Every structure is written in structure tokens, then in C-alpha cells.
Amino acid sequence: MPVYHIGQSQISAPSIYSKTNMRGEKVLFHLKPEVTDTQIAEWSAMAKSQLGQVPGLLSIEANKPLPVSVSLTKGYDMALVAVLEGPEFVEGYSKYAASQAQAFRERLFDDTIAFDLQF
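Pasting the structure below:
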């Protein structure tokens, strides 16, 4: 399984996604203190269920940071990485993700940071 590093100037991605027209949607989440591992697993499964339903979505993964990088996360406990075919799919993905996950996300997270990258 590849490791994605979201940092000041580096993002490591598998070579399958090295085409310059690929678009990555990165979202960092700050979990509410009362969130359980079961809720995290349910949310991750819901996020992954978008694959095959959202046009242009090639892959989607959600997970907690590796222990080696927890001290660098500034309190953000989860990340979601969605790889899209190209920039023209970002708007459709964002609308679909928002409609599917908004209520669930509000129960689990008290803050998010999102950005798109082309690589």
C-alpha cells in the first residue's frame, strides 16, 4: 500500500497517478474527542462507497496518520485522499461528497482543511 505524504512541498503518490492531468483532493479532519473507532470505520466505508458512483473518481482512501507523523499533524487526526481523472471532475466530486457525507461528517469532525492538487 502506498504512503501519501502531505507536507510543505512533497506529496508521494504511486507512479500510476503520475500523469500531469491527475487531480488529488486532500482533506484533513480534526476528530471530536468522543468519536469511536466504530464511527471512524463507518465513515471510512461510506467514503469508499463513492468509488464507482462518482464520475472521474479513480481511488479514495481515508485513514489516521502513521505514528511517526502524529506530532506533525497539528491535531488533525484523519485524512482523506481522493484521486480524480482530471480537474474537470473536481466540482462533481465535491458536490456528491458534500451531499452524501455532510451530516455524518458534522457528527465526527469539528474542523476540516481541504485542497486540490494536480500532479
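Residue numbers (the UniProt record's numbering): 1 to 119. Built from N, CA and C at the ideal position, the CB exists for glycine as well. Please read these numbers as outputs of a predicted model, since none were measured by experiment.
C-beta contact flag for residue i and residue j at 8 Å
{"i": "residue 27", "j": "residue 114", "result": "yes"}
{"i": "residue 60", "j": "residue 31", "result": "no"}
{"i": "residue 54", "j": "residue 108", "result": "no"}
{"i": "residue 82", "j": "residue 96", "result": "no"}
{"i": "residue 49", "j": "residue 62", "result": "no"}
Inter-residue CB distance, residue i and residue j (contact presumed, cutoff 8 Å)
{"i": "residue 116", "j": "residue 24", "result": "7 Å"}
{"i": "residue 58", "j": "residue 84", "result": "6 Å"}
{"i": "residue 76", "j": "residue 29", "result": "6 Å"}
{"i": "residue 73", "j": "residue 67", "result": "Residue 73 to residue 67, Cβ: 11 Å. No contact."}
Delimiting residues of the beta strand (DSSP E) encompassing residue i
{"i": "residue 112", "result": "109-118"}
{"i": "residue 83", "result": "78-84"}
Range covered by the alpha helix (DSSP H) that runs through residue i
{"i": "residue 42", "result": "37-48"}
Residues sharing a beta bridge with residue i, DSSP
{"i": "residue 106", "result": "BP columns for residue 106 are empty, so no partner."}
{"i": "residue 29", "result": "78, 112"}
{"i": "residue 57", "result": "84"}
{"i": "residue 62", "result": "80"}
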